[in-house]
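Enquirer:
So, in structure tokens, the structure goes:
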């Protein structure tokens with residue numbers, strides 16, 4: 007039903023143990039033109055969007071991967087043990103702050119949350135959801151943190167831009183909130199489709 | 007394109023670690039009749055036979071499993087041959103010792119790890135993560151090792167100074183110290199009504 | 004304002020009882036002072052941009068007192084916020100600025116807190132939305148079976164993938180395994196160590212061929228820094244990793260890397 011090339015791409019994505027980026031696919035299939043590969047990939051994506059079935063082709067962590075549809079999880083977990091545990095509110099808050107504000111120091115996270123975050127931060131590091139990016143060039147040279155590829159992978163995000171839009175701050179005045187905002191490298195304000203069933207209030 | 011039940015079966019086979027037998031599928035989906043399940047499975051098998059594509063549904067070891075088509079194996083092995091590899095624990099440990107204790111001799115590394123490190127050291131040198139800094143001026147003139155520029159690249163570090171220290175990681179576990187409140191940028195940190203009688207009004 | 008009625012002393016106790024009932028089950032639900040404040044604002048149906056500090060402060064302090072009465076340890080972070088609230092309240096009570104300078108508008112003492120609350124609220128909500136996603140390994144699964152083709156093929160030499168935390172953690176695990184005296188660590192105290200300084204110098208020498216002593220201490224010209232840097236240089240010299248030059252008497256000290264040995268032997 008598909009072209010030969012899209013079948014090859016399908017087999018590559020299917021057999022890879024993690025998401026395969028378009029770049030990586032082009033690198034592996036160097037006898038094909040990049041345009042050809044992109045066209046075949048588009049064909050494949052369209053085919054999976056149409057088809058339904060038990061699993062789908064999703065774009066996560068900058069690559070393509072087959073994953074089961076969330077709707078069937080209650081059947082799957084009868085057979086397979088869940089590996090990812092529930093995240094606590096403090097872990098999610100900390101993760102959200104790091105995701106939106108990276109690169110960020112621990113002191114900045116703690117200022118935003120109003121509580122000590124050392125323990126949470128360490129557990130996020132151990133789960134590989136957060137990584138150390140280096141040190142900030144300010145006195146004391148504190149460590150700076152950011153989210154990892156695993157974060158995108160586990161939370162099923164294509165990239166950092168696909169993070170849910172932050173609700174607009176009802177600004178008190180027109181002044182920027184913090185000087186620190188300059189560090190923001192993300193533009194989460196750009197319209198990002200939030201999961202429809204999860205509205206912000 | 008398929009029935010709901012065949013999608014459920016598809017998701018089960020897809021996510022299972024090994025081939026799923028028809029009996030096992032019936033056992034897992036005990037709210038469905040065996041005949042229904044068999045019909046849905048037949049539907050699924052027919053669909054995959056017809057479809058072509060990069061992988062197929064095959065019966066192996068008394069169960070059902072998705073496998074890539076043999077025709078595409080040559081493409082798939084390209085990926086495994088050049089995929090990102092994880093560090094072994096011994097390589098990671100050796101690298102960590104060299105990073106944190108450089109300049110260091112092989113004997114010193116081995117003293118710390120308690121095992122021979124020749125092989126690991128050689129592979130770290132081959133990967134250009136570690137380099138020879140010179141020779142130590144002691145009997146035998148052993149080589150002295152340190153980390154390389156590639157080491158900094160892999161970890162995304164600007165310089166060796168940006169390497170997080172052990173103390174910084176350990177500090178994550180520690181109880182918050184009250185001096186840290188200065189970082190919170192709150193002026194009233196000095197006057198904390200700690201004990202007993204909190205003034206109401 | 005109906006809420007103000009609670010301000011009377013005699014009503015304080017029943018209110019506290021309410022807290023006991025209401026919170027004893029949910030104590031751990033509050034994820035810090037900001038979370039508690041947001042809860043109080045919502046409960047009192049206050050506008051987050053125009054909160055009544057008097058109401059919020061009293062209820063906040065009541066809550067902390069309730070925690071204490073239940074013999075629960077109140078985290079320092081909660082007390083810091085209590086201090087902040089009291090400070091804002093006291094600033095509100097101060098007479099407004101001098102009439103003589105009407106143009107200098109006093110900023111609302113609540114502004115900073117409100118800004119923090121609004122921002123915190125955003126991240127709290129974003130955290131909830133992110134946490135409600137279908138997670139890999141929980142609601143969504145990738146293929147678990149390994150391809151026979153893949154297990155047969157051996158990985159040759161791909162790019163390495165490792166995180167900094169894994170590196171530090173490996174080192175930490177190692178240190179826990181072996182007795183401390185095995186280390187030739189110099190001055191592991193809080194201050195600058197010779198080891199750190201050596202690493203810094205080696206790092207510099209990767210980028211440039213010559214380094215001047217003054218460059219090393221310029222940013223931090225303290226007695227300690229100069230001594231530690233000097234000791235680090237001596238150590239590197241002893242290891243024959245660098246060569247030191249001095250142009251003239253009392254002139255600047257230069258050093259260059261000693262020629263590295265060929266890397267053929269291991």
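Residue numbers (our numbering), protein chains in the order written: chain A, 7 to 207; chain B, 7 to 207; chain C, 4 to 269. Where a beta carbon is used, it is the ideal one built from N, C-alpha and C, also for glycine.
What do you get for residue 69 of chain A, buried or exposed, if any count of 16 or more other CB atoms within 10 angstroms of its CB means buried?
Expert: Buried, by the Cβ-count rule.
Enquirer: Please check the pair residue 57 of chain B and residue 64 of chain B, which I expect to be a contact at CB under 8 Å, by giving their CB distance rounded to whole angstroms.
Expert: That pair is no contact at about 13 Å.
Enquirer: Which residue from C:131, C:89, C:200 and C:85 puts its Cα closest to that of residue 169 of chain A?
Expert: Among C:131, C:89, C:200 and C:85, the Cα nearest to that of residue 169 of chain A belongs to C:131.
Enquirer: On the DSSP bridge assignment, give the partners of residue 152 of chain B in chain order.
Expert: Beta-bridge pairing links residue 152 of chain B to B:137.
Enquirer: Give the DSSP bridge partners of residue 125 of chain B, in chain order.
Expert: Answer by DSSP bridge pairing: none, since residue 125 of chain B is not bridged.
Enquirer: Evaluate contact between the region 133–140 of chain C and the region 82–94 of chain A, counting only Cβ atoms and requiring at least three cross-stretch pairs below 8 Å.
Expert: Result yes; three or more Cβ-Cβ pairs closer than 8 Å.
Enquirer: Please work out which residues of its chain come closer than 8 Å, Cβ to Cβ, to residue 15 of chain A, disregarding the five sequence neighbours upstream and downstream, and give them in chain order.
Expert: The answer, listed in chain order, is 31, 35, 43, 46, 47 and 50.
Enquirer: Here's the rule: buried if 16 or more other CB atoms are within 10 angstroms of the residue's CB, otherwise exposed. What is residue 60 of chain A?
Expert: The residue is buried, with at least 16 neighbouring Cβ atoms inside 10 Å.
Enquirer: Decide if the region 117–131 of chain C is in contact with the region 58–72 of chain C; the criterion is three or more beta carbon pairs, one per stretch, under 8 Å apart.
Expert: The region 117–131 of chain C vs the region 58–72 of chain C: no contact.
Enquirer: Can you tell me whether residue 52 of chain A is buried or exposed, with buried defined as 16 or more other CB within 10 angstroms of its CB?
Expert: So residue 52 of chain A counts as exposed.
Enquirer: For the region 49–72 of chain B, which residues have a beta carbon sitting closer than 7 Å to at least one beta carbon of chain A?
Expert: Within the region 49–72 of chain B, the residues whose Cβ lies closer than 7 Å to some Cβ of chain A are 57, 58, 59, 60 and 61, listed in chain order.
Enquirer: Using a Cβ-Cβ cut-off of 8 Å (strictly less than) and excluding sequence neighbours within five positions of residue 119 of chain B, which residues of its own chain qualify?
Expert: Contacts found: 96, 99, 100 and 103.
Enquirer: From the DSSP output, read off the bridge partner residues of residue 172 of chain A.
Expert: BP columns for residue 172 of chain A are empty, so no partner.
Enquirer: Rounding to the nearest angstrom, what Cα-Cα distance links residue 43 of chain C and residue 81 of chain A in this structure?
Expert: Going from the Cα of residue 43 of chain C to the Cα of residue 81 of chain A covers about 41 Å.
Enquirer: So if DSSP puts residue 91 of chain C in a beta bridge, which residue, or which two residues, is it bridged to?
Expert: DSSP lists no partner for residue 91 of chain C.
Enquirer: Taking only three categories from DSSP, how would you classify residue 66 of chain B?
Expert: Residue 66 of chain B: strand per DSSP, three-state reduction.
Enquirer: Identify each residue in the region 90–114 of chain A for which the Cβ-Cβ distance to at least one residue of chain C is less than 9 Å, and report them in chain order.
Expert: Taking 9 Å as the Cβ-Cβ cut-off against chain C, the residues of the region 90–114 of chain A that qualify are 90, 91, 92, 93, 94, 95, 96, 97, 98, 99, 100, 101, 102, 103, 105, 106 and 107.
Enquirer: Any Cβ of chain B within less than 7 Å of the Cβ of residue 56 of chain C?
Expert: Taking Cβ atoms only, chain B never reaches closer than 7 Å to residue 56 of chain C, which makes this a no.
Enquirer: At a CB-CB cut-off below 9 Å, which residues of chain C make contact with residue 137 of chain A?
Expert: Ordered by position in chain C, the residues that pass the 9 Å Cβ test against residue 137 of chain A are 166, 167 and 168.
Enquirer: Looking at the C-beta of residue 23 of chain B, does it have a partner C-beta in chain C at a distance below 7 Å?
Expert: Answer yes: the Cβ-Cβ gap between residue 23 of chain B and chain C drops below 7 Å somewhere.
Enquirer: Pick helix, strand or coil for residue 187 of chain C, following the three-state DSSP scheme.
Expert: No answer about residue 187 of chain C holds up, because its pLDDT of 45 lies below 50 and its placement is not dependable.
Enquirer: If you measure beta-carbon to beta-carbon, which residues of the region 135–153 of chain C are closer than 9 Å to chain A?
Expert: Flagged, chain order: 135, 136, 137, 138, 139, 140, 141, 142, 143, 144, 145, 146, 147, 149, 150, 152 and 153.
Enquirer: Checking contacts by CB at 7 Å: is residue 10 of chain A closer than that to chain B?
Expert: Chain B, which has no Cβ nearer than 7 Å to the Cβ of residue 10 of chain A, makes this no.
Enquirer: Once you ignore the five residues that flank residue 153 of chain A on each side, which residues in its own chain have a CB closer than 8 Å to its CB?
Expert: Only 101, 104, 105, 108, 135, 136, 137 and 166 meet the Cβ criterion.
Enquirer: Could you name each continuous alpha helix (DSSP H) segment of 4 residues or more that falls completely within the region 25–100 of chain B, going from the start of the chain to the end?
Expert: Segments of the alpha helix (DSSP H) lying fully in the region 25–100 of chain B: 28–34, 40–57 and 79–87.
Enquirer: Pull the bridge partners of residue 110 of chain B from the DSSP assignment, please.
Expert: The partner list for residue 110 of chain B (beta bridge, DSSP) reads B:151.
Enquirer: Closer than 7 Å by C-beta to residue 92 of chain C: which residues in its own chain qualify, once you throw out the five before and the five after it? Chain order, please.
Expert: Answer for residue 92 of chain C: 56, 57 and 60, listed in chain order.
Enquirer: What's the call for residue 113 of chain C, buried or exposed, on a 16-neighbour Cβ count within 10 Å?
Expert: The residue is buried, with at least 16 neighbouring Cβ atoms inside 10 Å.
Enquirer: Could you give the DSSP three-state label for residue 211 of chain C: helix, strand or coil?
Expert: DSSP places residue 211 of chain C in coil when its eight states are reduced to three.
Enquirer: Which whole-angstrom value is the C-beta distance of residue 147 of chain C and residue 21 of chain B, which I expect to be below 8 Å?
Expert: The Cβ separation is near 6 Å, so the contact holds.
Enquirer: Between residue 114 of chain B and the rest of its own chain, which residues show a CB-CB distance below 6 Å, the 5 nearest in sequence each way excluded?
Expert: Within the same chain, residue 114 of chain B has no close Cβ partners at all.
Enquirer: Are the CB atoms of residue 131 of chain A and residue 174 of chain C within a distance shorter than 7 Å?
Expert: No. Outside cutoff.
Enquirer: For the beta strand (DSSP E) holding residue 256 of chain C, just list the boundary residues, first then last.
Expert: 256–260 is the span of the beta strand (DSSP E), which, as asked, contains residue 256 of chain C.
Enquirer: Which chain C residues sit within Cβ distance under 9 Å of residue 148 of chain B?
Expert: Simply none; closest approach about 10 Å.
Enquirer: Would DSSP call residue 136 of chain C helix, strand or coil?
Expert: Residue 136 of chain C falls in the coil class under three-state DSSP.
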